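Undergrad:
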Amino acid sequence: MAEIRFYHLTARTFEQTLPVLLDRTLQRGWRAVVCVGSEERAESLAGHLWTYSKEGFLPHGTKRDGFAEEQPVWISDQVENPNGAQVLFLGDGADSDGGGAFATVCDLFDGNDAEAVQAARGRWKRFRDAGHTLVYYQQDEGGAWSEKQRVGG
Numbered sequence: 050m051a052e053i054r055f056y057h058l059t060a061r062t063f064e065q066t067l068p069v070l071l072d073r074t075l076q077r078g079w080r081a082v083v084c085v086g087s088e089e090r091a092e093s094l095a096g097h098l099w100t101y102s103k104e105g106f107l108p109h110g111t112k113r114d115g116f117a118e119e120q121p122v123w124i125s126d127q128v129e130n131p132n133g134a135q136v137l138f139l140g141d142g143a144d145s146d147g148g149g150a151f152a153t154v155c156d157l158f159d160g161n162d163a164e165a166v167q168a169a170r171g172r173w174k175r176f177r178d179a180g181h182t183l184v185y186y187q188q189d190e191g192g193a194w195s196e197k198q199r200v201g202g
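To get this note's numbering, take the position in the sequence shown, counting from 1, and add 49.
As structure tokens, then:
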């Protein structure tokens, strides 16, 4: 059963946080899938990952690029695993059944949006009731993460 990690974004945006987490994922030799709310959003995010840093970029692809099985990071508007990823990142309120083919699911939600927080609480309850290990991370004012709660496992 997948470990579900909730990232409560308060000091940084999804666009600022995701590249850092993806970089850590790739450094571990893992692959990732990023699921967002629409195909347009996936393409916009793909453009961002090419240009977010002057020092480099994160290799990735989308449906438009093709060759999914060769992409270390696959960005989509659907929960799928065409690249054999170990980690699923969810943004824009995207949801999953709790992992399936993934070892880890990272649910990033905007802590400054009351509806996003409420929806994340609903997902937390659903995953807890299904028996998943859950970990809740919160950002401090400087953007650093601390584990605030762990349930199960």
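No residue lacks a Cβ here, since even glycine has one placed at the ideal position from N, Cα and C. None of these values were measured; they are calculated from a predicted model.
1. Between the region 73 to 90 and the region 115 to 133, can you find at least three pairs of beta-carbon atoms closer than 8 Å?
2. List, from N- to C-terminal side, the alpha helix (DSSP H) runs of 4 residues or more that fit wholly inside the region 68 to 110.
3. Can you give the Cα-Cα distance for arginine 175 and phenylalanine 55, rounded to whole angstroms?
4. Helix, strand or coil for valine 166 per DSSP?
5. Going straight from the alpha carbon of alanine 179 to that of isoleucine 53, what length do you get?
6. What residue from Arg113, Phe116 and Gly96 has the CA that sits closest to leucine 107's CA?
7. Who are the Cβ neighbours of glutamate 118 in its own chain at under 8 Å, not counting the five residues just before and after it?
8. State the beta-bridge partners of tryptophan 123 as determined by DSSP.
9. Can you have a look at phenylalanine 116 and say buried or exposed, based on whether 16 or more other CB atoms are within 10 angstroms of its CB?
10. Could you give the C-beta distance for leucine 70 and cysteine 155, rounded to a whole number, given that I count them as a contact under 8 Å?
TA: Result, derived from the coordinates:
1. yes
2. List check, alpha helix (DSSP H) in window: 88 to 100.
3. For the purposes of this step, residue 175 is taken as residue 126 along the sequence shown, with counting starting at 1. For the purposes of this step, residue 55 is taken as residue 6 along the sequence shown, with counting starting at 1. One C-alpha to the other measures close to 13 Å.
4. For the purposes of this step, residue 166 is taken as residue 117 along the sequence shown, with counting starting at 1. Of the three classes helix, strand and coil, the one that applies to valine 166 here is helix, per DSSP.
5. Residue numbering aside, residue 179 sits at position 130 when the sequence shown is read from its first letter. Residue numbering aside, residue 53 sits at position 4 when the sequence shown is read from its first letter. In this structure, the straight-line span from the alpha carbon of alanine 179 to that of isoleucine 53 is close to 11 Å.
6. Numbered from its first residue, the sequence shown carries residue 107 at position 58. Leucine 107 has its Cα closest to that of Gly96, out of Arg113, Phe116 and Gly96.
7. Taking the first residue of the sequence shown as 1, we reach residue 118 at position 69. Same-chain partners within the cutoff: Pro131, Asn132 and Gly133.
8. Position 74 of the sequence shown holds residue 123. Val82 and Gly110.
9. Residue 116 sits at position 67 when you count from the first residue of the sequence shown. It is exposed - the Cβ of phenylalanine 116 has fewer than 16 other Cβ atoms within 10 Å.
10. Looking up residue 70 in the sequence shown gives position 21. Looking up residue 155 in the sequence shown gives position 106. Sure, about 6 Å apart at Cβ, within 8 Å.
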